[in-house]
Every structure is written in structure tokens, then in C-alpha cells.
Amino acid sequence: MDPVALSTIVLLPFIGSLIASALPSNARNLESTLAGAIALFGAVQLALYFPGIAQGEIYREEFTWLASFGLNLSIRLDGYAWMFAMMVYGIGALVVLYARYYMSPNDPVPRFFSFLQAFMGSMAGVVLSGNIIQLAFFWELTSIFSFLLIGYWHHRKDARRGARMALTITGAGGLCLLAGMLMLGHIVGSYNLDNVLAAGSQIRNHSSYPVVLVLILLGVFTKSAQFPFHFWLPNAMAAPTPVSAYLHSATMVKAGVFILGRFWPVLSGTDEWFWIVGGVGAVTLLFGSFVAMFQNDLKGLLAYSTISHLGLITLMFGLNRELAAVAAVFHIMNHATFKASLFMVVGIVDHETGTRDIRRLSGLRKLMPVTFWLAIVATAAMAGVPFFNGFLSKEMFFAETGLVHAPAYIQASLPVIAVIFGIFSVIYSLHFAYDVFFGPPAEDLPKKPHDPPIWMNVPVGFLVVICILVGVLPNVIVGPFLAAAATPVVGGDLPYYSLAVWHGINKPLIMSIIALGTGTFLFFFVAKYIRGRDYFKDYAFSWTLTGQSIFVYTLASLTRRSRSLRLRLTTRRLQWQMFWVIMMTFLAAGLPLWYGGLTIGDRPVQPLSPAFAVIWFIGAICAIAAAWQAKFHRLAAMIMLGATGLCVVLTFLWFSAPDLGLTQLSVEVVTTILLLLGLRWLPQRDKSIRPTSWAIDQNVAQARRARDLVIALIGGIGIALITYAMLSRPFDQSASTFYLERAQSEGGGTNVVNVMLVDFRAFDTFGEIVVLAIVGLTIYALLRRFRPARETMDLPMQQRVLPGDLITDLFNPRQAKDTAIGYLTVPAVLVRLLLPITTLVSLYFFFRGHNEPGGGFVAGLIFSVGLLLQYIVSGTQWVEANLTLFPRRWIAFGLVCSIAAGAGSFYWGYPFMTTHTAHFTLPYLGDIHVASAMFFDLGVFTVVVGSTLLILTALAHQSTRAHRYHARKLEEETEAKEAKKFQAASLARIQAAYEMVARFNTHHPKP
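In this text, residue positions in the sequence shown follow the UniProt record's numbering: the first is 1, and each later residue adds one.
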């Protein structure tokens, strides 16, 4: 049976994540089955690759993307990546099975499995990347999805705090890693992993090697929780236990040490590597194991023990010895098995007893016998007890500490550090196993303890069996896998090593006996007197200066300083904000010109046509008038601005750029209408308001206007000079010549502008439509809660004199009546007849765009104009009642269509968004060619229409609110009039009654 493509293995978890996100919250069994099937499928397919991996083969898949920049999507599988990928999918499958029984039915389980599968795919992308920039991309994805997993129970404060801390630390380290990868690729001249791994001496001898090393190690240390970045890992224990078992034993925290092993052949072997990597590993090793002894929370204990073991792996990689690197790879495998099983045991204990507090747990050996034996085996492996897998890799570590080539004091201290670590690991392992499972049964637990369902123990049992088999039969069970995984790390032939259980009485065995004996003695004969004293556990590490306290203080200080800076630099006055934006723009544009200069080319100046001199003069006058009237008369300013745009359109036509002219004209029409619809809701300028110090403010205002005039002149003259400098240079070697020569042959179209947008620069165009979609969604979101000013709402509107039944219909748009009445009848009929015409015109420009002036952008704007006229004349209520548009779906379809059109190139083995042309012969129509760029252009078309409609809808709903406001106001006025009439009638009746009584008393006096 042949395995599937590696790209399929990476993509499947992301596909499963998308499916899970769409499932209902009660689809617990379906989603867990889907996630487990995907993880198991990935593990099985990877296993099918092992026969070739064992022979030293390297499997590669590459998809051309940006070949000129050396950025191609590359999948690469060697022995080292195979080992990590098997951990990702193998332990992932076990965690999914465990989570099926751990997660509560009240939790949104599909969301949990969606995040878990996305993280699984991200981690697989890290270990299988054949391009170092691609590796950094997936690296950041692991930070994002781990943030979502750690904060899964977002109603809890500790989960939110832990997720934010993990994202901040690992995300910042990821940026450092990206910078290091960019520099590494620059040194090598390629971002391909094979080329980087083959350039070890070139990298180590480069002057930038120390900087590259520090940047990459910052990413490693933050991700693998090395000192002083260790504090995020214990805080991440607020995540559900399946997340802890997966992220913090086999995947996320192992990503850092994966980088150490992956780049060990090219970065190690120097003094900088030894002191930085080895020093940080040694400190983390001792610190983590020491703190773990005093933890009362089971997950906290495992968190600090994980930090300690990661420090051990880091230290072994830092020793600059091939055999130490092999031992590090071996311990990565062993640690993943026993630590994942221990986290699952903690979850079982918590799930069945209701607590993780060691001080409350006792005597679970008789109450949970199956869990007890599983925990004992996993704990023995963690402590390094013989005949378990942890013992073998720890003995290799002990042996390597005595063989390192370093100064005398380092050679003497490393074995001592290793033994101390072994003692501490025995103590916290006994603290975990003995204090929880031995002693009298606990009586005050929240739940009555018992063993969980059998399928919840199956994943733990599977990992525990591996711990035993590897410890008893290492050569048979793990020997071939370790050899295949360690060979790429050492970058050549493996050094000799033995996985035998018994090597005779030697130094490593003596060190192990000392660690086991001393740790057991200290736990039973010393620690039992200390454990009962609260001050030791509670205050042994209540230091003020810790990594977490520094992080919290730094974050709070940055927040406080940024708030203070924002209050000083920002204001509600838009003019002041624009001033700083423009000044920064001047600075960014002026510095290169200051140092590089601005040279004018020697191209001959073309004669100026008198007609266009007049047009440019009119355009300049209109621009100045628009700026002058912007404050006093908005409508006049918009008209002048539109006239300036029309002059620009004529200029494009003069320069033989009909595409730009069409686009500019369409943009002018659409933006002018949208701006007018938005400006009408701004409050009116009140000239009667005068400040108390009006004379002084007048002087200030005049000075400010003079300053703004100077800024405007500098900006305009500067842009004019830059434009003139560019136009005066020869075009022989320019990009224009390149596109003109290749538009027909490589892009399949004669319209060079459109070919550039949908083929040569398609990725840029895709970014632009994404920005356009974001702008449309942002404006819609902002205007949903926007309410016009009261003085604007109180302006008289035509709707106040509409018939009463029509005003009533304003509160129910779906039943809105036709507004084509009175003087609006003729315009309404005309715009409704114009809609199919604009549709045909837009389709005409869309289909001709690849060879003639037009394209998706222009077509979308033309179609949007037809819809704009419907809103303006017929009204929002009538349009929404008769036309079902769904702008957000237009945007979503456009983005998906554009991505699909670009990604389709991968299927044929071409770079991303490469255009292809198919030719068809149809009856009566003849030969027809269809370019794949048309589907990308279709995405541009729908995004433009959707974004325009979304902005229009947000603005039009302000009119709806105004209608409803006036309808309510009219209703209130009507009710007030009726009340006054009723009150007057009542007073009249009372007055008549009084008069009647008075007349009666007059004619009939009392006797």
C-alpha cells in the first residue's frame, strides 16, 4: 500500500477543523470520531513512509509559488521530521480518544476539536516544512491556536490570563525566529531547508552568525519555556487536561527543541552555541526540577517537571557532541510518552475526584486501582527507574556530562548538576505518586473516587506499555526509529551507542543509583518533616523578582505608558491626527530622497496641447476651490472634487490609458455618491457659537491655516517632482517594457493593465481586494451603532408629510410600498429600467477586460452604480424588500473564488495564481478562449460589488433610522394634539356642567 501525498497529511487536520467549526454543539460523538480518524489516518500514512525513511531517503513535495524570491511551498520528510510527525498524529489520536470522555457535554466540544485539529495541522506544518520561511509561518500558527486552546474555557480568568501570557511570550519569540530565518536565508542565498542544512561552515563563519544564533534561540527558548521565559507554561495549565497532555508533552513545547535538532548540524559546534544553549539548559534543568518538588497542584508539578526535562534536552543539544544530540532525540521520544500519560492520569484524577490538590488527595490506590498502576509506571519512567524508558535516556545523559570538552570547572560541575537533577526528579515523582495513591483514603473529596470508563484509560495504557517495552527491549522496540530520527540531526554517520539495558557497573549507573537512593531517602526521611510546614511550600518561592512578576509589571507598565502617550498625542480633532500622519509620511518619503538624492532624467519633453493645458488649469482651480469650500460648503466641495477627478480621467485618456480612465471615472461616481450620503449626516456648522477668547483663537486659526497651506504646497510640489523625475527617465529597461513584451505570450491577453492585475501582480491584487473587503466590513460595523446628531435628525424631511400608511410601513421594510409616486414616478421607472442595462454593460466590460479596456474592477463599479441609483431613487425599504442582495456573501464568494483560482495552479504544477488559457470551438461562435484569470477577475468583481453595497447599506440605514425617528416624532405630535383636544373637550364639558349648575342655582334658590 502506497502512502498518500505529504501535503494531504498536512492539509487534512485543517479541513477537519473547518468541518468541526460548522457542526452543532451537540455533535460530540461525530466530531470526536472525525478528529480521531484524521489523526489515526495521518499516523498510519506516516508509518507507511518508514521503510524508505529507515534507508535514509528524504521525501519532498514542492509547489512553486514565488520562485524568483526562493519562496516555494515545500514539504520535506526525513527521519527527524518523521519522528516528530508520528508524535503529532499518534499522540494526537490518543488525546482525541481521551478527550471524548474527558470533556463535559455542556462544553462546546466541536469548537474544542476544531482548535485541536488546527493546532495539529500547524504543528505538522512546522516539522514537515522544507522552507524556513514556511516553517516560521506554521510556527506562528501554533502560537495562535495554542492561545485558543489554552483559553478554551474563556469564562475563567486564569484561562484568559494564561492564554494571553502564552501568546505574548511565544508570539514575540516567533517574530525573533522569523528575523533569524530571514537572515539565515540571506546568508545562504536560499530559504530552502536542504540548501541551509548544506551550508553549515558558511553560516558559522559569517559575521552575522551571533545575531542569527541569538534570534533563533530566542524563538526556541520562548516556545520551549526555557529560563527566564519559563513562567508561561505553568499558567497555561488552566487549559483542559487533554490540551495540556498534547501541547506540553509532545507538540508545542517540543517545537523549540525540534528547531535545536533541526539546525544542530549548521549552528552547533561553536563556543557561542555551547555557552548559550548549554547554560540556559542547565539553569532550566535545575530550576524546573527544584520548583516541581514544592507544587501542590498536580498539573503544576507536571508543568515544572516538563520545564526541567526540556532543559535537559536543551543542555544535551548544547554540549556540541554527536552522541549527546542522539541522547537528546531519544529523550524527546521518551518524555513524550511518559509525560502525556501522566497528564492524562492527572485528568482522570481530577475528573473522578473533583480536585488536583495533592494536600486533599490520598489513598487512591484502593479506590482507583487501574489508574494507580498506570500512574506508577509512568512516574517510574519520569524518575528514571531501571527497566523503564526514562532510565535509558537519562543514563545516556549522565554519561555525556562526563565526556564534554570544556573548562575544568565545567567538566567537574556538569555531572554534579546531572545527579542533583536526578535527585530532584525522584523527589517530585514520589511526591506525585506516593502522596496521591498511598496513605489513608481521603474523605473530604468533592466526588467519590472510582476508575474512569475503560476507553478513557486505553490511551494511558497504550503509552504506559510503550514505556515498559522500550525500557525492557530498547533495541527491538525503538532502535530503528531512534537511528532514523538521529541521523539527520548529526548530519552524517551516527556515532556508536548502545541501547542495552545492562552495561555493567559504570559511572552512569553509579550516578543513577546515587540519584535514586538519595532522592528516595530525602523524600521519606527529610521531606516528610518539611512537607507538613506550610511556610516551606507556600513561601519558598515567593520572590519578588520572578519571570512572571517581571512580565506582569512590564505588561502593566507598557499599558499605562501607552495610555498616557495616547492621551497626549491623540485628540478628537481629526485635523491634528491628519497632521501627524502627513508629517510621518513626509519623514518616510524625505529620508531616502535626502540621502539618495533626486535625479531628473534626460528624456525629451513632449509638447503641451493647449486644450489639455486648459483642462489642467480647470482641474487645478477646482482642486483649490474644493479645499477652500471643504469647511463651508460640503456639497460645493464635493462637486469641485468630482470635477478635478474628471480632469484626471481626461488626462488618462490623453496618455492612452483607457483602463485607468474607466476605473477613475467609475471610482469618482461611486465615491462621490457614497461621500455625499455620508456627509449629509454630519452636524451642521453653527456660526453663532463663538469662543470666549475669539480674537486670540482667530490668530491661532490663521496661523494654523498658513501652516496647512505650506504643508499642502510641499506635498503637492514633492509629488509633482517625483512624478516628473520618474516620467523623464528612459523606459528601455523598465517594468513597462517587461509587461508589454510578455502580456500576450505569458498572460494570454492583449490588455496589459488587466494582465498585470490578474496574472503578473495577482497576489498584490488579491491583497488589495482583501483590504477592500476589510474596509467595507469595518465601515458597516462602525455605522451599525452610529446614530446621527440630534440637530441633523431634526431637519425637515419629506417623509414627515408622507401618507400615514406609508410611514407605518417604514417600521416593516419587507412590506414597504412602492415609492414611485408623485414626482418620483418617472425617475423610479427610469432607474429600474437602467438596472438591467448597467448589468449588461458591466458584463460586457467584464468579459472583454483581458484583451480590451475593462475588467472585474471596472465592471463591479458599473454594476454598483446601477444598484446605487435604486437606493437613491426607490429608497432603502423598497430595495431591501424587492432585491435580495446579501453583500457579505458577495464578499465571501469573491475571496473564495480568487483563492480557488490562484490555488488551482498548484494542481497543474505551476506557481500560485499562474494564468492558463483553454480554447474551445463552439457552433456558430467559433473559437473561444477562456483564461483562468477570468475566475480571479470574477472574485475581484464580486468583492467590489459586495463592499460597495455593504458601505451603501450602512449609510442607507441611517435614512431608515431618520424615517423611524420622524415617524415616532409625528406619532408623538399626533398623540400630543389628540391629548390636547381631549383635554380641551373635557375642560369644556366640565365648564358647561358648572354653568348648568350655576343656572340651576340661580332659578331655584335654596329656601
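C-beta: ideal position from N, C-alpha, C; glycine also.
Keep in mind the model is a prediction, meaning the values are calculated, not measured.
Using DSSP's beta-bridge definition, name the partner residues of residue i.
| i | result |
| --- | --- |
| D297 | D357 |
| residue 1008 | Since the first residue of the chain shown is 1 and the last is 1007, residue 1008 is not available in this structure. |
| residue 1012 | Because residue 1012 is not part of the residues shown, which for the chain are 1 to 1007, the question remains open. |
| N192 | N131 |
Just the C-alpha distance for residue i and residue j, rounded to the nearest angstrom, thanks.
| i | j | result |
| --- | --- | --- |
| M165 | G180 | 23 angstroms |
| G856 | Y844 | 10 angstroms |
| D435 | M252 | 29 angstroms |
| V4 | L48 | 9 angstroms |
| C647 | A954 | 30 angstroms |
| G402 | G422 | 15 angstroms |
| P13 | F387 | 36 angstroms |
| T306 | V770 | 42 angstroms |
| L676 | I837 | 25 angstroms |
| G125 | F137 | 9 angstroms |
| D493 | T487 | 7 angstroms |
| H155 | A239 | 12 angstroms |
| G92 | P658 | 57 angstroms |
| G219 | A292 | 24 angstroms |
| M996 | I990 | 10 angstroms |
| V326 | P440 | 44 angstroms |
| A328 | G519 | 23 angstroms |
| F1000 | A993 | 10 angstroms |
| F851 | L141 | Correcting the residue identity first, residue 851 is Asn in this sequence and not Phe. Roughly 41 angstroms separates the two Cα atoms. |
| V490 | N205 | 19 angstroms |
| L641 | A712 | 16 angstroms |
| L367 | A383 | 24 angstroms |
| L987 | F632 | 52 angstroms |
| L552 | G162 | In the sequence under discussion, the amino acid at residue 552 is Val, which differs from the Leu named in the question. Cα-Cα distance, rounded: 12 angstroms. |
| Q629 | G678 | 17 angstroms |
| T663 | L608 | 25 angstroms |
| N457 | E57 | 37 angstroms |
Do residue i and residue j have their C-beta atoms within less than 8 angstroms of each other?
| i | j | result |
| --- | --- | --- |
| M237 | G318 | no |
| V257 | S308 | no |
| F372 | L361 | no |
| A773 | S898 | no |
| L247 | L149 | yes |
| F523 | I427 | yes |
| T353 | P453 | no |
| A433 | A340 | no |
| A762 | G866 | no |
| G661 | L653 | yes |
| Y101 | W681 | no |
| I862 | S666 | yes |
Looking at the unbroken alpha helix (DSSP H) that takes in residue i, where does it start and where does it end?
| i | result |
| --- | --- |
| P369 | 369 to 383 |
| D158 | 157 to 188 |
| A118 | 109 to 128 |
| S143 | 132 to 150 |
| E395 | 389 to 401 |
| Y874 | The sequence as given places Ser at residue 874; Tyr does not occur at that position. Unbroken alpha helix (DSSP H) run through S874: 856 to 874. |
| N475 | 474 to 477 |
| V280 | 279 to 292 |
| F438 | Taken as a continuous stretch (DSSP letters only), F438 belongs to no alpha helix (DSSP H), as it is neither H nor E. |
| M252 | 252 to 262 |
| V501 | Run containing V501: none; DSSP gives neither H nor E here. |
Taking three-plus beta-carbon pairs below 8 angstroms as touching, is the region 629 to 643 in contact with the region 584 to 592? Using a C-beta cut-off of 8 angstroms, the region 629 to 643 makes no contact with the region 584 to 592, since fewer than three inter-stretch Cβ pairs fall below that distance.
Spell out a yes or no on whether the region 27 to 39 and the region 78 to 85 are touching, meaning 3 or more CB-CB pairs, one atom from each, closer than 8 angstroms. Note that the region 27 to 39 does not touch the region 78 to 85; fewer than 3 beta-carbon pairs, one per stretch, sit closer than 8 angstroms.
Counting beta carbon pairs with one atom in the region 269 to 289 and one in the region 328 to 345, are three or more of them shorter than 8 angstroms? The region 328 to 345, when compared against the region 269 to 289, does not touch it at the 8 angstroms Cβ threshold.
Does the region 446 to 466 come within contact of the region 390 to 401, defined as at least 3 CB pairs closer than 8 angstroms? Contact fails: fewer than three Cβ-Cβ distances are below 8 angstroms.
Give a yes or no on contact between the region 593 to 604 and the region 612 to 625, applying the rule of three or more CB pairs nearer than 8 angstroms. No, the region 593 to 604 does not touch the region 612 to 625.
Quick one: any contact between the region 259 to 277 and the region 207 to 218, if contact means 3 or more CB pairs under 8 angstroms? Contact holds: three or more Cβ-Cβ distances are below 8 angstroms.
Between the region 972 to 988 and the region 932 to 948, can you find at least three pairs of beta-carbon atoms closer than 8 angstroms? Short answer: they don't touch.
Could you tell me whether the region 189 to 198 touches the region 161 to 178, where touching means 3 or more Cβ pairs closer than 8 angstroms? Segments in contact, no.
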